[in-house]
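Residue 80 is where the sequence shown starts when you use my numbering, and the numbers rise one by one after that.
All C-beta atoms in this analysis are idealised placements derived from N, C-alpha and C, irrespective of residue type, glycine included.
All figures in this text were calculated on a predicted structure; none of them were measured in a lab.
First comes the structure, then the notes that go with it.
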Amino acid sequence: MIILDNSPSLLQFENVFYTYPGANQAAIEDLSLSIPAGKRTAILGHNGCGKSTLLLLADGLYRCSAGVISWQGKPMQYQARSLNQWRQRIGLAFQDPEQQLVAATVEEDISYGLCNLQLSQSEIVARLDQTLSDFNLQELANRPLHYLSLGQKRRVALAGVMALQPQLLLLDEPTAYLDRLQTRHLMQELDRIHGNGTTIVMATHDLDLAYGWADWAIVLHQGRVLVSDQADQVFNNVTLLEQLELGMPTLWEIWNALPMAFRDTANGTLRERESPPKTVAELRSRLMQYQHCQ
Ligand SMILES: Nc1ncnc2c1ncn2[C@@H]1O[C@H](COP(=O)(O)OP(=O)(O)O)[C@@H](O)[C@H]1O
Ligand SMILES: [Mg+2]
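Following this line, the structure appears as structure tokens:
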């Protein structure tokens with residue numbers, strides 16, 4: 080089922096199929112979806128449901144065997160020049176940053192992508208400086224990539240993608256292997272990127288992360304879209320999430336375990352009762368508000 084709100088769609092998949100060479104089952108099967116402009120979309124689903132394949136198709140690294148992938152209604156063309164233009168609008172950060180990083184140092188790696196855009200030398204230097212500063216990488220600029228920690232490599236890989244100024248950023252399991260602090264920093268970077276107008280799509284099997292971050296959610300199962308809707312609607316669809324054994328976000332579960340009287344009165348209105356807190360800080364503030372009123 081595909082539901083879109085009023086946001087215009089940036090990227091569309093229509094009845095897309097993809098089968099890996101030699102595989103006897105399609106990884107993506109008759110998949111249709113729309114990525115709403117300006118939103119933070121989470122793509123959810125168990126390992127193997129097709130999240131990474133979908134992102135690789137979206138970036139034009141794989142070619143679908145049937146169906147159409149379009150950008151604002153214009154179908155993707157697979158000639159080198161069209162793909163090059165396509166990838167200026169859409170940036171993909173791989174799950175494994177090692178696959179993304181190609182040069183010897185941080186600065187060289189970010190410049191590499193910029194050189195491929197055939198920009199003037201002064202524009203390359205300006206964008207490189209801006210990117211190093213945006214991602215707080217100035218001190219690491221000349222550091223060989225193989226000396227960096229995984230979290231740092233991920234930051235460099237993301238910086239390299241963002242230096243190209245894509246309108247749509249695709250992230251494949253961006254918090255995999257990161258510790259809590261690195262995850263917090265990454266999420267702050269994503270807030271800044273989204274705040275600057277970039278639409279973001281994140282494939283993740285981390286329900287808690289998606290719950291706190293996404294405003295739109297797409298659930299995949301066996302290469303198909305099961306639901307695409309406002310994130311709150313998806314997380315409220317307990318039947319679907321339980322059927323899929325995806326579990327529920329921890330904060331959502333805690334909220335629903337609290338007495339109805341509290342959920343009714345903590346925020347006053349019924350509308351707010353329908354939207355559980357998105358962060359621990361929000362939950363705490365609602366609890367304090369409630370205690371205060373008693
Ligand atoms: N390189 C590959 N060759 C063959 N099959 C693959 C390859 N990569 C993924 N698959 C299969 O395609 C399906 C979707 O995988 P993937 O897109 O990686 O899922 P997810 O990212 O949701 O874990 C799975 O059944 C997986 O085993
Ligand atoms: Mg994956």
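Ordered along the chain, which non-local residues of its own chain (more than five positions away) have a Cβ less than 7 Å from that of residue i?
i: A105; result: F96, Y97, T98, G302
i: S86; result: P115, A116, G117, K118
i: Q174; result: S131, D251, E252, A255
i: A183; result: P223, L224
Could you tell me the boundaries of the alpha helix (DSSP H) in which residue i lies?
i: G274; result: 259–274
i: L135; result: 130–137
i: E108; result: Taken as a continuous stretch (DSSP letters only), E108 belongs to no alpha helix (DSSP H), being part of the beta strand (DSSP E) at 107–115.
i: D188; result: 185–195
i: I162; result: At residue 162 the sequence reads Leu, which differs from the Ile that was named. Start and end: 159–168.
i: M155; result: Here M155 belongs to no alpha helix (DSSP H), and DSSP marks it neither H nor E.
Return the first residue and the last residue of the beta strand (DSSP E) that residue i is part of.
i: F92; result: 88–97
i: G146; result: 145–150
i: T210; result: Per DSSP, T210 belongs to no beta strand (DSSP E); it is in the alpha helix (DSSP H), 200–213.
i: A220; result: Per DSSP, A220 belongs to no beta strand (DSSP E) and is neither H nor E.
i: L249; result: 247–251
Identify, in the order they occur along the chain, each residue of the same chain with its Cβ nearer than 6 Å to the Cβ of residue i, setting aside the five sequence neighbours on each side.
i: I122; result: K130, A282, I297
i: K232; result: P176
i: Q179; result: F173, A236
Less than 8 Å between the CB atoms is what I'm expecting for residue i and residue j, so what's the real figure, rounded?
i: T329; j: D287; result: 5 Å
i: I169; j: P245; result: 6 Å
i: L243; j: G192; result: 6 Å
i: W292; j: M266; result: 7 Å
For residue i, which residues of its own chain have a beta-carbon under 8 Å away from its beta-carbon, when the five flanking residues on both sides are left out?
i: S354; result: D311
Take the Cβ of residue i as the centre, count every other Cβ of all protein chains shown within 10 Å, and call the residue buried at 16 or more, exposed below.
i: P356; result: buried
i: A263; result: The question names Ala, yet the displayed sequence has Arg at residue 263. Flag for R263 reads exposed.
i: C128; result: buried
i: S124; result: Before going further, note that residue 124 is Gly rather than Ser in the sequence given. Label assigned to G124: buried.
i: A205; result: exposed
i: C143; result: buried
i: L237; result: buried
If we cut at 9 Å on Cβ distances, does residue i have a partner in chain D?
i: F341; result: This model lacks chain D altogether, as it is built from one protein chain only.
Quiz prompt | Exercise answer, beta-carbon shell around ligand 1 heavy atoms below 6 Å | solution = In chain order, the qualifying residues are Y99, A102, A106, G124, N126, G127, C128, G129, K130, S131, T132.
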